[in-house]
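Residue numbers (our numbering): 11 to 652.
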């Protein structure tokens with residue numbers, strides 16, 4: 011038996027000591043707030059029951075059959091009698107009571123159902139295949155899966171996930187001669203593989219994507235055992251995704267100028283880039299949120315100047331209709347698996363303080379329909395404001411602000427600022443019970459759409475990654491200063507909330523401008539960029555180089571990261587109070603880094619206090635809550651209660 015390296019043993023002991031110390035600190039701190047926690051829990055439960063509990067779950071329609079999930083069970087009903095439903099599957103019955111249902115795929119002839127089950131403590135999911143006879147039977151269990159699709163009624167393709175990576179695709183058959191085999195293996199660790207089925211069910215696409223580059227292979231659903239067909243070999247800097255209609259591929263891609271998404275098309279038989287023809291281009295600074303193909307139409311959900319739009323392309327008349335969605339809407343969710351030949355597209359609109367509301371677009375009538383049945387009360391007392399802050403380089407940065415209409419003297423009200431600014435991902439603007447609770451309690455909520463995120467398209471992300479990361483920080487500073495100038499709260503009543511990579515900008519702000527805020531609330535935050543990017547053995551480091559840069563490759567990148575990295579720049583000075591929620595089993599942001607950050611920050615605040623020794627000087631609270639359960643930012647409304 012090999013002996014452990016003494017330095018490894020020392021590190022493990024240090025980790026255990028820090029963990030034990032923080033757990034004791036949390037017990038002591040949380041005891042002080044028992045009555046407040048009890049009141050908040052009760053209020054959140056009331057809001058959940060009022061606004062969310064009775065929302066109908068997504069439905070998958072197959073002809074006259076409708077499949078839907080509720081409380082860990084999957085039901086089957088007839089479209090004309092949804093109240094009469096049969097139970098096809100229960101997580102409890104197969105020993106997965108702690109898991110939630112993540113994805114459902116029904117085979118074309120409806121003889122099989124593949125279900126993705128995910129436990130809160132793991133990022134890997136389990137795929138369960140049920141045979142849908144008179145009495146549904148468990149056919150197969152495939153561990154560590156990410157995505158899966160049926161090619162035919164008895165051939166399933168799936169990806170395997172290990173250490174946060176998906177690089178292999180397998181095919182498994184449910185014919186008399188059952189077998190599984192590897193059909194695709196990605197060799198580049200920067201690429202992540204998933205599977206998609208075109209809306210007309212003509213092809214499965216095997217998509218291999220890095221942060222900047224794509225490659226797609228086709229599986230012919232009519233002949234799934236034939237060799238894969240390459241659409242276009244990966245070309246550095248070109249991202250593309252594929253749909254199909256009438257023997258033509260519709261390719262959503264960044265290829266060509268400007269380097270924003272555009273819809274192109276090419277014949278299936280000659281799909282190379284040299285044959286791609288422009289079909290539809292987005293306006294400048296427009297964010298493509300989603301695209302959905304139907305037999306005669308294509309729907310694009312877009313964000314332009316802070317507002318949501320629906321662009322409907324008719325393949326028959328070759329026309330485009332653009333519809334501005336209600337001004338309160340900040341996010342949308344498409345109906346799960348709409349039928350390809352449907353005459354109506356259903357979706358939900360929502361905002362952080364508006365529960366989901368159902369809408370539909372009628373292709374026949376060419377108009378938007380607000381659904382008559384209102385399942386939840388309408389929020390009428392919340393005002394939505396959209397602002398633009400001028401950053402250090404004169405760039406205008408969007409801010410979305412929510413506050414109670416009844417609130418007066420807004421400069422005296424508490425303000426919660428939200429920020430992310432990484433990976434081209436938008437701030438989460440979907441409904442959360444806790445956000446509505448804050449509005450009802452008189453808080454102001456501000457969402458700062460800083461560079462590094464994707465709110466204004468791909469260029470907005472590019473302008474805030476690698477050697478442009480500081481622009482995101484300058485944007486955040488400008489947003490908070492503008493809010494205060496316009497009378498939305500003041501520094502002593504302002505807090506910043508961020509999760510995951512958003513912790514970089516929030517943590518950097520604590521070092522550079524602590525006078526702007528009083529508190530910071532972080533969930534699973536990324537706080538030590540430099541040390542993480544120096545450790546290439548970690549599962550995500552190499553693929554993350556497209557976002558943060560590679561400090562091992564050049565000294566300039568090393569210095570640049572060190573200049574803004576939250577952990578590296580902690581120093582004795584005034585700091586806001588900091589509340590961090592971290593997860594013991596987090597595979598993306600190692601807990602040891604957060605423990606070290608908290609220790610270093612506490613020492614800096616103590617050193618500053620001992621140096622100044624001014625009477626009445628304020629010492630910030632630095633609290634770390636380490637959750638034994640849960641994984642990286644995998645939060646539901648129940649997590650708000652814990």
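A virtual CB, placed ideally from N, CA and C, is assigned to each residue, including glycine.
Remember, it's a predicted structure, so these values are computed and weren't measured experimentally.
Counting other Cβ atoms within 10 Å of its Cβ, residue 219 reaches 16 or more and is therefore classed as buried.
The C-beta of residue 272 has 16 or more other C-beta atoms within 10 Å across all chains shown, which makes the residue buried. Under the three-state reduction of DSSP output, residue 305 falls in the coil class, being neither helix nor strand.
Residue state for residue 517 is assigned as helix, using DSSP reduced to three classes. Residue state for residue 33 is assigned as helix, using DSSP reduced to three classes.
Judged by DSSP in its simplified three-state form, residue 523 adopts coil rather than helix or strand. Contact between residue 157 and residue 204 holds: their C-beta atoms lie close to 4 Å from each other, under 8 Å. Looking only at 486, 524, 510, the smallest Cα-Cα distance to residue 502 is reached by 524. DSSP, reduced to helix, strand and coil, places residue 91 within a strand of the structure shown.
Nearest to residue 276 by C-alpha distance, out of 304, 351, 241, is 241. Within the model, the alpha-carbon separation for residue 282 versus residue 568 is close to 39 Å. Membership of residue 432 in any beta strand (DSSP E) is not indicated, and neither H nor E is assigned to it by DSSP.
One Cα belongs to residue 411, the other to residue 511, and the distance between them is close to 22 Å. Counting of Cβ neighbours within 10 angstroms places residue 105 among the exposed residues, the total staying below 16. The C-alpha of residue 69 is placed about 25 Å away from the C-alpha of residue 252. Judged by DSSP in its simplified three-state form, residue 586 adopts coil rather than helix or strand.
Beta-bridge partners of residue 242 (DSSP): 226.
Under the rule that a run must span 4 or more residues, the alpha helix (DSSP H) segments found entirely inside the region 529-588 read 539-544, 555-558, 565-574. When the five nearest sequence neighbours on each side are left out, the beta carbons in the same chain lying within less than 7 Å of the beta carbon of residue 298 are those of 271, 292, 310, 312, in order along the chain.
For residue 394, the uninterrupted beta strand (DSSP E) segment begins and ends at 392-400. When DSSP reads this structure, residue 203 sits in a beta bridge with 218. With contacts defined by Cβ atoms closer than 8 Å, residue 362 and residue 246 do not form a contacting pair.
Contact annotation: the region 431-438 does not touch the region 321-332, with fewer than three C-beta pairs closer than 8 Å. Going by beta carbons, residue 532 and residue 590 fall inside the 8 Å limit. Of all alpha-carbon atoms in 344, 315, 265, 269, the one lying nearest the alpha-carbon of residue 301 is that of 344. Counted as a single uninterrupted DSSP element, the beta strand (DSSP E) harbouring residue 169 occupies residues 165-172.
For residue 129, the three-state secondary structure derived from DSSP is strand. Put simply, the backbone Cα of residue 401 is about 21 Å away from that of residue 317. When DSSP states are grouped into helix, strand and coil, residue 82 belongs to the coil group. Between the alpha carbons of residue 324 and residue 286 lies a gap of roughly 20 Å.
Among the bridge pairs identified by DSSP, residue 191 is matched with 181. Contact holds between the region 628-635 and the region 595-612, because three or more Cβ pairs, one in each stretch, are under 8 Å apart.
Residue 55 is positioned such that its CB atom lies no closer than 8 Å to that of residue 67.
One Cα belongs to residue 255, the other to residue 305, and the distance between them is close to 7 Å. Burial of residue 165 is indicated by the presence of at least 16 other C-beta atoms within 10 angstroms of its C-beta. Under the criterion of beta carbons closer than 8 Å, residue 427 and residue 534 do not qualify as touching, at roughly 18 Å.
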